[in-house]
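Written below as structure tokens is the structure these notes are about.
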Amino acid sequence: MRAIVTVIGKDRVGIIADVCGLLAKNGVNVLDISQTVMREYFTMIMLVDISGCLLDFSALSDLLRSGGEAAELSVRIQREDIFEAMHRI
Amino acid sequence: MINRNEILQTIDMIDQQHLDIRTVTMGISLLDCADEDIGRCCVKIYDKISKKAEKLVSVCSEIEHEFGIPIVNKRVSVTPAALVAAACRASSFVSLAEAMDKASGTVGVNFIGGFSALVHKGFTDADRKLIASIPEALALTSRVCSSVNVATTRAGINMDAVRLMGETVVSAAKATASSGGMACAKLVTFANAVEDNPFMAGAFHGTGEPECVINVGVSGPGVVHHALLACKGEPFDVVAETIKKTAFRVTRMGQLVAREASRRLGVPFGVVDLSLAPTPDIGDSVADILEEMGLESVGGHGTTAALALLNDAVKKGGVMASGHVGGLSGAFIPVSEDAGMIRAARSGALCIDKLEAMTCVCSVGLDMIAVPGDTPASTIAAIIADEAAIGVINSKTTAVRIIPAPGMDVGETVNFGGLLGSAPVMPVHKLSADAFVARGGRIPAPLGSLRN
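Those protein sequences? They're chains A and B, same order as listed.
Under my numbering, the first sequence has 121 at position 16, and the numbering climbs by one with no breaks.
Under my numbering, the second sequence has 377 at position 325, and the numbering climbs by one with no breaks.
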């Protein structure tokens, strides 16, 4: 199953490494990354494959959110379908 | 892959613009719970609801987590209780409401609809008993919602039922005087009630519905308002197009959630209700949308036209986004549940007469309106009759959810808290409708042609 991870927060060294580390540790494969910094704010969008994830979706979502909060980042994971549904006919 | 702007737009809609799924409502047939003995009937009702809706809340919570979209309410609607209880020999049906309340508490939903009767052409004995039980039932329970259908386009208006509902509303307010007449916030009088409405307080599971069904109500006034901020001064063609596109997106989300909920619960999907339903939160208001179109305040001249455009564009955008559209589908304008409507009512810009006019072009009717506590039952019945006439003549659903706030007068505010919000007490005409309402009988069904 594919999902979208979004990371938003103040830019600093090592954000990508931190988030990717967390994902890798839990068996989540990153398929694509798009990242930019707008007015000091770091925004990263990752397409990930969670088929090999060791946790269930809710646990992974909670882990990313709490991990993000500890690093002053807003990190969320949502199934890709919601964006497909909203933006594609 | 979906592009970054689309992803950020979705997240912004959810985080900043109050986009959510307003309700996932499970409709459950209780027809097989009928029993001569009301005690046994109550046990069957409790057991059936508890079993069928056992996983409703947990499945919705899974979906919320996975898709990152809040599902604000999980609810249950059931077969109109008057039909289920018709076999019971009891003289009061209050215990049925208590069984519904207990079951809804067990499964964790915040409202259960269907303490209802359909009396548009006449009353069965059970209908009369049910309506007589409404004030006490709503006072003794916290989650049960009640509705009574008093008119349809095909049958006309049952004026005996209209009179009875005027009296029932007053009794319900008195029975809950200490909480501002809270029972009236859970009581809807309908014309042309629909069988698959997922929204409370008017939800019930009609007799044409399957054993069990999932209906979903979407929302998103904040999203529509935000989209309109980008078309300041543009002609209405652009406004309509913008609303359509936004409604499409919002509804697609509802369709996705409905499909997932239906699959995971193993219950067929019924409809997505396209209604724009506000909440008392700032930035989640239908009134704000109308004002964004250029009105100084909702309630002023131009409001009806603005609402007509909004309601129509929401439907046009939403229809293509969902496999099955139903329920009430339109813009809701509950006064107590919409910060902009509350503001306009408080300032005197919005009066009941204008609200009545607005209901000609939108769903669903005079909704969550507080009036002085000493308003006579005949005046409330006459308000219901006016609203029913609009529904019957225009072949649309209309409803009245009015609260004669006990001990309160114009200028005061009755507070219900939570999603029900707070309602400024609005003035009603002091002219008597006693003789009009006392006539009773039926107003015949209207002609279907010569439509002017």
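All residues carry an ideal CB built from backbone N, CA and C; glycine is no exception.
- Using beta-carbon distances, B/F119 counts as an interface residue toward chain A, with a partner under 8 Å.
- Partner residues in the beta bridge of B/N125, as assigned by DSSP, are B/T75.
- Sequence-ordered contacts of the segment 155-176 of chain A with chain B read F162, S163, S166 [C-beta pairs closer than 7 Å].
- In the three-state DSSP reduction, B/T204 falls in the strand class (E or B).
- For B/V462, no beta strand (DSSP E) segment is defined, and its DSSP state is neither H nor E.
- Nearest Cα to B/V196 within the set B/V214, B/A149, B/V221, B/T228: B/A149.
- In this model, B/E219 and B/I73 are separated by some 35 Å (Cα to Cα).
- Under DSSP, B/P476 takes part in a beta bridge, and its partners are B/T465.
- Annotation note: the segment 384-471 of chain B contains the following uninterrupted alpha helix (DSSP H) runs of length 4 or greater, listed N- to C-terminal: 391-399, 404-410, 429-445.
- For B/Q307, the chain A residues whose C-beta falls within less than 8 Å of its own C-beta are A190, listed in chain order.
- Separation of B/M372 and B/A497 (C-alpha to C-alpha, rounded to the nearest whole angstrom) is 33 Å.
- Judged by DSSP in its simplified three-state form, A/C125 adopts helix.
- Contact of A/I150 with chain B by beta-carbon distance below 7 Å involves R56, I59.
- For B/A134, same chain residues with a beta-carbon under 6 Å away, outside a window of 5 residues either side, are A169, A178, D179, L182 in chain order.
- Taking C-alpha positions only, B/A397 is separated from B/L328 by approximately 20 Å.
- Taking a 10 Å sphere around the C-beta of B/P330, we find 16 or more other C-beta atoms and assign the residue as buried.
- Annotation for A/R107: the continuous beta strand (DSSP E) segment containing it runs 107-115.
- Interface with chain A (8 Å Cβ-Cβ cutoff): B/T294 is excluded.
- In this structure, the beta-carbon distance from B/V489 to B/R206 does not fall below 8 Å.
- If you draw a straight line from the Cα of B/V477 to the Cα of B/G392, it is about 15 Å long.
- For A/T148, there is no enclosing alpha helix (DSSP H); the residue is found in the beta strand (DSSP E) stretching over 146-154.
- Interface residue (Cβ-Cβ distance to chain A less than 8 Å): B/T62 is classified as such.
- By DSSP's assignment, B/I295 forms no beta bridge with any residue.
- For B/R301, the C-beta contacts it makes with chain A under 9 Å involve A190, M191, H192, in order along the chain.
- For B/R141, there is no enclosing alpha helix (DSSP H), since its DSSP letter is neither H nor E.
- In this structure, B/M78 places its C-beta atom within 8 Å of the C-beta atom of B/V128.
- Against chain B, the beta carbon of A/R181 has neighbours under 8 Å at I63, G120, listed in chain order.
- When C-beta distances to chain B are compared with 7 Å, the residues of the segment 107-141 of chain A below that value are I109, T111, D137, S139, in chain order.
- Look at A/D137 here: in three-state DSSP terms it is strand.
- Sixteen is the threshold: when 16 or more other Cβ atoms of the shown chains lie within 10 Å of the Cβ of B/Y98, as they do, the residue is buried.
- Secondary structure at B/M234: helix, using DSSP grouped into helix, strand and coil.
- Residue ranges of uninterrupted alpha helix (DSSP H) with 4 or more members, entirely inside the segment 272-357 of chain B and ordered along the chain, are 273-281, 288-317, 338-344.
- A buried status is given to B/M460, since no fewer than 16 other beta-carbon atoms sit within 10 Å of its beta-carbon.
- B/V413 sits close to B/T356, with the two beta carbons spaced by under 8 Å.
- Among the CB atoms of chain B, one or more fall inside 8 Å of the CB of A/R184.
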